[in-house]
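Worksheet for the structure shown next.
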């Protein structure tokens, strides 16, 4: 990773890597926690395979849809690692660069921790320092941190069937 181009959130959480992975890869389990409240996720599509679609439609507190473009999974290691990008759509089809102010690639790792939980690392990789700075400015650290708290709370209070 390149520190100038990457934003990283790393935490130890008290839920297992298996449950964190399931929360990230099952639409009905992703939708309740995926965006910081008062935003909500109202639609989610996951085709969990390399080249498969990752899509989450969010709305603000007034119900206004946020810009959303389907992403593409690049790598899936069950219970340990997910990599997806907003630069590509399903089937590895490149997006038009004019479709978004910037793209990023997300690398999520879920490592078993001696506590019984996991070490959760989310890295957002960007093409330029300006893109990384823009992502941080709109709230990467605070937003992705809050979303992780919501994920942990959801996993602990929900039936993960």
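Numbering (my numbering), first residue to last: 203 to 363.
Beta carbons are placed, not taken as given, at the ideal position from N, Cα and C, and that holds for glycine.
Remember, it's a predicted structure, so these values are computed and weren't measured experimentally.
- When DSSP states are grouped into helix, strand and coil, residue 356 belongs to the helix group.
- The three-state secondary structure of residue 207, taken from DSSP, is coil.
- In this structure, the alpha-carbon of residue 263 lies about 8 angstroms from that of residue 242.
- Taking a C-beta distance under 8 angstroms as the contact criterion, residue 354 and residue 215 qualify as a contact pair.
- The straight-line gap separating the alpha-carbon atoms of residue 333 and residue 341 is approximately 13 angstroms.
- When 239, 247 and 281 are compared, the shortest CA-CA separation from residue 261 is found for 239.
- A Cβ-Cβ distance of about 5 angstroms is found for the pair residue 207 and residue 328, placing them in contact under the 8 angstroms criterion.
- Secondary structure at residue 286: strand, using DSSP grouped into helix, strand and coil.
- Annotated three-state conformation of residue 363 is coil, per DSSP.
- For residue 314, the enclosing beta strand (DSSP E) covers residues 307-314.
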